[in-house]
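See below:
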């Protein structure tokens with residue numbers, strides 16, 4: 852079965868297409884690609900859903916190596932909303 856591995860940085864991304872045996876898991880794909888979950892990559896996902904090294908794969912799956920968040924997305928959104936200029940209503 853064919854799967855894809857993906858890892859990304861702010862201005863660069865890498866992906867590898869792999870052919871694995873039916874019944875392979877995420878760990879098998881990482882091993883076949885020569886990639887490891889280390890350094891800035893702290894988690895895994897399959898099509899955006901959290902996964903473990905033991906998660907079974909299906910043909911066409913995309914495995915994503917995830918980096919740690921630099922800030923809480925909710926806090927960042929609140930900060931942006933708080934710094935936005937208030938919009939006045941226009942009346943005709």
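In our numbering, the protein residues as written are 852 to 943.
Positions of the beta carbon are idealized from the N, C-alpha and C atoms, including for glycine.
Asked	Found
Length of the line joining the Cα atoms of residue 854 and residue 894	18 Å
Opening and closing residue of the alpha helix (DSSP H) in which residue 879 lies	877-884
Nearest-angstrom beta carbon gap, residue 867 and residue 856 [assumed within contact, 8 Å]	5 Å
Nearest-angstrom beta carbon gap, residue 912 and residue 892 [assumed within contact, 8 Å]	Actually they are not in contact, since the Cβ atoms of residue 892 and residue 912 sit about 18 Å apart, beyond 8 Å.
Complete alpha helix (DSSP H) runs within the stretch 881-935 (minimum length 4 residues, chain order)	924-934
Residue environment, residue 915, which counts as buried when at least 16 other CB atoms sit within 10 Å	buried
N-terminal and C-terminal residue of the beta strand (DSSP E) that residue 866 is part of	863-870
Distance, residue 918 Cα to residue 924 Cα	14 Å
Residue 854: first and last residue of the uninterrupted beta strand (DSSP E) it sits in	853-860
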